[in-house]
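In the working numbering, the protein residues as written are 3 to 204. All residues carry an ideal CB built from backbone N, CA and C; glycine is no exception. First up is the structure itself, then whatever we jot down about it.
In structure tokens, the structure reads:
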């Protein structure tokens with residue numbers, strides 16, 4: 003996709019500047035210059051991606067243990083999860099810090115008028131308020147589960163509580179994804195008893 007030493011493909015600058023939507027003004031025009039002239043932007047993006055990846059690794063190591071006996075060694079599993087979550091958290095804090103340094107030191111709003119970053123900054127009040135409402139929505143629903151369970155427990159109705167033995171809240175989408183991951187090796191890699199040819203069946 004991207005241009006090589008022989009001039010085949012598209013340049014990153016051309017790709018970014020051609021990307022314009024109906025609500026994004028100048029689009030990504032000028033973003034290539036920001037990415038190539040500001041060390042803080044590059045560091046911020048790389049820290050954010052690595053931090054997010056580390057948090058995904060933390061989740062996968064306890065949800066889908068890569069080693070046979072890790073699932074039953076709870077101390078090791080908890081330590082690995084906590085270790086990777088702390089590292090991911092620190093990396094994301096570093097990403098936001100360097101993004102803030104970029105905004106203070108390297109960003110010039112006079113030369114970046116009406117591009118995507120400028121439009122996001124001008125709509126920051128609406129964006130933050132909507133994120134705030136989403137956070138409140140999630141928080142009240144999580145807290146509502148605690149209130150419900152405490153009330154049912156106080157009334158002596160354990161069968162109406164949200165738990166593994168009463169009303170279950172199953173992560174159906176996560177279970178579906180994990181099931182596809184578990185079935186993939188069997189579907190893509192034949193076992194020792196599988197036939198050598200689907201045509202001949204032997």
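For residue 53, the enclosing alpha helix (DSSP H) starts and ends at 41-65. Taken through DSSP and simplified to helix, strand or coil, residue 164 comes out as strand. Non-local beta-carbon contacts of residue 147 in its own chain, meaning distances under 7 Å to residues more than five positions away in sequence, involve 164 in chain order. Per the DSSP secondary-structure output, residue 169 pairs in a beta bridge with 164.
Excluding five sequence positions before and after residue 83, the CB atoms of its chain that fall closer than 7 Å to its own CB belong to 60, 63 and 64, given in chain order. Each residue's CA atom was taken as its position, placing residue 34 and residue 9 some 18 Å apart.
Annotated three-state conformation of residue 21 is coil, per DSSP. Scanning its chain for C-beta atoms nearer than 7 Å, with the 5 sequence neighbours on each side dropped, one finds around residue 104 the residues 40, 42, 43 and 46, in chain order. For residue 132, the uninterrupted alpha helix (DSSP H) run begins and ends at 126-156, by DSSP. Under the three-state reduction of DSSP, residue 30 is assigned to coil, being neither helix nor strand.
Taking the C-beta atoms as reference points, residue 168 is found nearer than 8 Å to residue 162. With fewer than 16 neighbouring CB atoms inside 10 Å of its own CB, residue 136 falls in the exposed class.
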